[in-house]
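Structure first, then comments.
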Amino acid sequence: MKMRWVLTYKSDGRAKARLVVLGFQARNLVETQASSPTLSKLGKLILLTVVANNRWMLESADVASAFLQAIQDLEQEELFVQAPAELGAAFGGSGADDLTVLKLRRAFYGLCHAPRRWFETVSETLVKARWRQLQYDKCLSVLLDASGHLVGIAGCRVDDFILGGDDKSQVFLKAKDSLKRAFEWGKWDVSSFEFAGCFIQQKPDGTIFMDQKVYSEKWMEEIPLSPSRAAQPRAKATAQEISAIRGALGTLAWRANQVSPQFLADVGLMLSEVPVATIDLILRLNKIIREAKRTADQVLIFHPFALSWKDLAVITWADAAQNNRVNKGSTIGMLSCIAPHQILDGDRVPMNLVAWRSQKAPREVLGSNGSEVQAITIGEDLTFLVRSVWTEIHGISPVRGRQDELIRDNTIGALVMDSRGIYDAMTRNTSALHGLRSSRAGYELTIAVKQAMSAGTCLRCVAGTEQLADALTKGKAKKILLQLMGEQQMWRLVYDPAFTAGGKEARLMDINLRNSTSPITAFSCHGSTDTVIVDLVAKSLRDYVARCPPRKTLLSHACDALEGLLDKALDKASDVAGEGLDTLKDKLKRKLTSKVSLLSVDSEIDRLFSQPKQVMLYQETIQEEGVTDTISHAWQGMVNLLRTFSNLLPTAVDTLKDARSEVSKLSSNLDSIFSVFEEKGPHIFNTVADLWVTIWVIYFAFILPFCALTLYYGLWANGWFGGPKPIAQEAEPQGEQTLWGRLSLLCSKCCNCCSNFHDTELCFWSIIIFMQVIVLVTFLIAVVMAIFAGVKAMIVAGCGQVYVLEDPDVCESALTTLRTFLTKLDVGNSTIYSDEDIHGVCDENLLLTCEMVTAKFTKSTIATTVFSFLASIFSLQMLFDAATLHEQAVWRRKAAAKEGKED
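Just so it is clear: in the sequence shown, position 229 is 229 by UniProt numbering, and no numbers are missing.
This is how it looks when you write it as structure tokens:
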């Protein structure tokens, strides 16, 4: 086998050289075991959960030249390499050539089974140090003390290690020291490091944050698309564009699978569209990439519960979307978290995300129940997997035939769904196949129910608006996951006894907001109905839009408007409730004016009213002031309405983000158009202008003298300037000996031929051919002029792109938006000041840029094309006239000669 040097530069600029073997040349290539495992995503996230829960110190290490430290012997494999000159000289070779042959005795970079040999070395080293490999993931190991308690956990991904343990345990300290001495380490970081493409940071309180900001900013890029191409959303994508789509989706999928589950549904659905990809897919993909880069600093949080591992529950949300793929397939989504078991009692608790999936349903179905059953079945299986891994990590190894019993006795699990029909079928219906019409779905649900009962998995049903897995089935539902992230992964598992569907709940909310009776009744104090919150909301929002300053962000406007609304509503309530409401009002205002998150209003209200001290202050205030129960109900109504309003804020925020992205996309198109005019326009126009002038100079330099000669010939043939003379017989001239004499003789003969033999046939056809050449050159010049005229016409047509795909509505919206940022827009000799002016500009294409380009180019194009062809036609006509005059001169000479003979 041959060897090669691989030269690279590290991120810090240091040069790195590595010698590798061309392993594909190995004679035992197909006989060796080359597969090598790596740490799974579930294993990594559960490791971080364990470390955070126990508040252990998180550490990471990197092995230097890992494959070269493998201890497995390759002596019996008889592998030989042809060493390069540098390596040959080190082993006693001449160093002048690459002919030194060496035998490999250990694993080397480039060998196909080198990763396998390294993994075997790591496994042996960890086992010797009393680490126990998990049966679920061979790259995840745990360390137990003599009593069977977990004191350490470690995971390896090729040559990168991540571990944590109890620093007070001698077992863990001894095992870690043994691991440090086993290999040569490149670095050993604590609390802050990069692992498997993610940046992980641990705070002093034990909380762990994981993000992919560096990855997102470095690798995630939009697919380049020209404005003309973007104007054709239904056009088929080319092979090159499809390749770019696959690359961009792969980059985005890694981010979605590691730290951003809200993008996973979009990635999966777009991957299903790749075989029939269009430009619209690229536009939507670029929009998702822009959103991902805007939220590059998003983090996953692993909370330090500081609870016994048996007091933590595994909660899985499962949902399905029917026929939302290109091929009419369904999408299923699952999200698993580990949280304190109080979440099952309705408490608001922190959660650690450990697994999420978004995939095509394995089986095509006719109705929504079929896809829901598949999601629930796979979700129950995922719950079983996480619970099994959780028990194995804490020292309970899997036992065949008893696994359900082990996880039922030691862990808590729940499966959450939002389908009332499936929930009833699983918990109430004892009919055949749980009453489902589809036999496949019925048997599948029967098995899922049996497995859930065997493992002790609780079943819960929530409203569609509380279903976290809904965001993993459709891209437009990512709002609920964004809300979860915005609330630092704090959540409440709310049981819905009425089984209210998400769509129905949204419609009811909209009806309540539109009906002013509900808020008036909820806020009526002492029979008064003067506090109408709906009117206040509408007025505040209208005022916000009208007073929108040009230099403030939309978020600040929304916060200001909401602050004003709270001022008006709480002022009326505080007149009755006293200081308790004033305190709450101030805290709410401080929360809003901080402008941290619009989605935290509900959580702040819950937090304030969940504190016993605050509730006591509120009750004492009511008792001191003698406020009746009516005021208490009124205040509770106001709190409920504020919560309803805060639930609407995510939708408003999403709408504003979509609007901003559309404006950004429009501005990028306009920027690309004007940047071309600004950067390339002057240079191109100057070059074309110079060439234009040169061609016209050459054209007139040739055509004008030839036309003048032809005109002179016509006049001379008619008797002007002496006219044609009879042919005189001249004596043969004597030969000249000098060069100058010969040239003079040649010139005189040519002149004599033109003057004395102009009416002969040879002279006639010579002139005709010569003039044909002139006409041909004239036509060639005209063709060149026409080509340049076409180029000009194309440029003029391209100016239409400034009008945003020729759509009047989009054009008016764009110009209206631009007018809010520019003092005026010039359109020729007038200026845009009103909506009527904008309407006229979009209908008649009066923007100054296009008006200038169109006016200048159109005139020159018409003049060049028309006059070029006219000049060619006139030249040809002059040639015909000259030939006619020539014939007349010939016959006139013949007649004169005949008359002379008769005389």
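Glycine included, each C-beta is placed from N, C-alpha and C at the ideal position.
- The continuous beta strand (DSSP E) containing residue 100 extends over residues 100-104.
- For the pair residue 419 and residue 31, the Cα-to-Cα distance works out to about 52 Å.
- Between residue 143 and residue 164, the C-beta spacing is not below 8 Å.
- The continuous stretches of alpha helix (DSSP H) do not include residue 352, which lies in the beta strand (DSSP E) extending over residues 352-360.
- Collapsing the DSSP output to three states places residue 200 in a strand.
- Ranked by Cα distance from residue 441, the options 389, 462, 366 are led by 366.
- The beta carbon of residue 480 sits closer than 8 Å to the beta carbons of 465, 466, 467, 468, 470, 471 from its chain, once the five residues preceding and following it are set aside; these are given in chain order.
- Note on the stretch 89-150: whole beta strand (DSSP E) runs with a minimum of 3 residues are 100-104, 140-144, in chain order.
- According to the DSSP secondary-structure assignment, residue 491 is paired through a beta bridge with 349.
- Under a 10 Å Cβ-count criterion, residue 239 is classified as exposed, with fewer than 16 other Cβ atoms of the shown protein chains found around its own Cβ.
- Residue 53 sits buried, since 16 or more C-beta atoms from the chains shown fall within 10 Å of its C-beta.
- Cβ neighbours of residue 77 within its own chain (closer than 7 Å, five residues either side excluded): 28.
- Per the coordinates, the alpha-carbon of residue 45 lies some 23 Å from the alpha-carbon of residue 293.
- Between the beta-carbon of residue 386 and that of residue 336 there is about 5 Å, and that keeps the pair under the 8 Å contact cut.
- Taking a cut-off of 8 Å on C-beta distances, the stretch 353-363 touches the stretch 374-386, as three or more cross pairs fall below it.
- Counted as a single uninterrupted DSSP element, the beta strand (DSSP E) harbouring residue 60 occupies residues 57-63.
- Taking the Cα positions, residue 308 is about 20 Å away from residue 42.
- Exclusion of the five residues before and after residue 435 leaves 425, 429 as the residues of its chain whose Cβ lies within less than 7 Å of its Cβ.
- Rounded to the nearest angstrom, the Cβ distance from residue 19 to residue 3 is 6 Å, consistent with a contact under 8 Å.
- Under the 8 Å Cβ criterion, the stretch 209-224 does not count as touching the stretch 311-327, having fewer than three qualifying pairs.
- Contact check between the stretch 170-177 and the stretch 260-272: fewer than three CB pairs, one atom from each, fall below 8 Å, which does not count as touching.
- For residue 83, the uninterrupted beta strand (DSSP E) run begins and ends at 79-83, by DSSP.
- Per DSSP, residue 194 lies in no alpha helix (DSSP H) segment; the continuous beta strand (DSSP E) that holds it begins and ends at 192-195.
- Around the CB of residue 412, 16 or more other CB atoms lie within 10 Å, so the residue is classed as buried.
- Within the same chain, Cβ atoms closer than 8 Å to the Cβ of residue 213 are found at 199, 296, 297, the five residues on either side in sequence being excluded.
- Under the DSSP assignment, residue 384 falls in the alpha helix (DSSP H) whose first and last residues are 368-393.
- Looking at the backbone, the Cα of residue 486 and that of residue 288 are separated by about 19 Å.
- A Cβ-Cβ separation of about 43 Å leaves residue 275 out of contact with residue 312 under the 8 Å criterion.
- When the five nearest sequence neighbours on each side are left out, the beta carbons in the same chain lying within less than 6 Å of the beta carbon of residue 373 are those of 441, 444, 445, in order along the chain.
- In the structure shown, residue 697 falls within a helical segment according to DSSP collapsed to helix, strand and coil.
- Relative to residue 97, the option among 86, 106, 379 whose CA is nearest is 86.
- Judged by DSSP in its simplified three-state form, residue 336 adopts strand.
- Between the C-alpha atoms of residue 282 and residue 362 there is a straight-line separation of about 27 Å.
- Within the stretch 276-336, the runs of beta strand (DSSP E) that reach at least 3 residues and sit entirely inside it are, in chain order, 299-302, 312-321.
- Taking the Cα positions, residue 450 is about 26 Å away from residue 394.
- For residue 220, the secondary structure class from DSSP, reduced to helix, strand or coil, is coil.
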